[in-house]
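105 is the number of the first residue of the sequence shown in our numbering; add one for each residue after it.
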Amino acid sequence: MKDISLYERVAPLEKNFPVKFSLHMGRCYLHWHEHLELLYYLSEGESVFCGDTMYRVRAGDLVIVNPGELHATYGGRFYCMRLSPAFFADVRFDNVLLMPLVLGDGTVRECFEEIARIKTEEPLGGDMEIKSVAYRLLCRLLRCYRTETLSKERSLAEKNKASRVGEIVRYIAHNCHEHITTASLASLFHLDEHYLCRLFKSQTGVPPIQYLNGYRVGKAQALLENTDRSITDVALAVGFDDASYFSRIFKKHTGMTPREYKGTKAR
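The following block contains the structure:
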């Protein structure tokens, strides 16, 4: 299980081609990047966190992750299209904000299916064809699902907030086994405790301790699945010094006790 990082350093583009398209399955932890990302779902009843909201999506729905927006996926199968800022170098698309959720749009479906076909068949000129379909898709989204155009000042302010919360998220990722409280985070990052809690929730949708516990549970799941360590050892390894409290938090997040979870993965 990879560490959570608010800012995702996107791998260099292959041959400088500004569109990355792939099929994804499973979870992707909370992060943000400068790219526009489009998640087209193929499976039913999945959860996606985007911006400050948790969405429940169905097959055929599209989640739009605007540049600089925090997001996370929690399962399912979906096509992921990531468009680098270079894609918009010769068109007018500055600081455009798109709706986060598009439900069952036929044009969107056709575009994703067409790009998936091109990626599979790899015809001569496929890159050009993908770029043309991507432009058609973005034109559809721009005309039908634009919510507003952000000023440069607001865009910068939102990125600064995300960056500050990112420092906190990275600290949690690397120190989740330590004793962490909102007071200790506030002291470490030189913020008022109440302001830190408001800022963190505004960017992630959850309070810091709820986020911390969720991350610890995710780490615990990986240890239960992939090691023979006892439940008490797992609890201590991810930062819970009380096995009973660990069990309650684990069940709250997964619907199962750690023992039940370990049993299902052993089958």
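Each residue gets a CB set at the ideal place from its N, CA and C atoms; glycine is no exception.
Exposure of residue 138, with buried meaning 16 or more beta-carbon neighbours within 10 Å: exposed
Residue 285 - containing alpha helix (DSSP H), residue span: Neither: residue 285 is in no alpha helix (DSSP H) and is coded neither H nor E.
Which same chain residues end up closer than 8 Å to residue 318 when comparing Cβ atoms and leaving out the 5 residues on each side of it in sequence? 310, 357
Within a Cβ cutoff of 7 Å, which residues of the same chain sit near residue 46, ignoring the five residues on either side of it in sequence? Residue 46 lies beyond the residue range present for the chain, which begins at 105 and ends at 371; the question has no answer from this structure.
Write down the C-beta distance between residue 343 and residue 281 rounded to the nearest angstrom, noting that I regard them as a contact closer than 8 Å. 5 Å
In chain order, what residues of the same chain have a beta carbon less than 6 Å from the beta carbon of residue 297, not counting five sequence neighbours either side? The beta carbon of residue 297 sits closer than 6 Å to the beta carbons of 286, 287, 290 from its chain, once the five residues preceding and following it are set aside; these are given in chain order.
Apply the 10 Å Cβ neighbour rule to residue 300 and answer buried if 16 or more other Cβ atoms are within range, or exposed otherwise. buried
Using a 10 Å radius around the Cβ and a threshold of 16 neighbouring Cβ atoms, would you call residue 170 buried or exposed? buried
For residue 230, which residues of its own chain have a beta-carbon under 7 Å away from its beta-carbon, when the five flanking residues on both sides are left out? 222
Can you have a look at residue 329 and say buried or exposed, based on whether 16 or more other CB atoms are within 10 angstroms of its CB? exposed
Could you check what DSSP says for residue 150 in three-state terms: helix, strand or coil? strand
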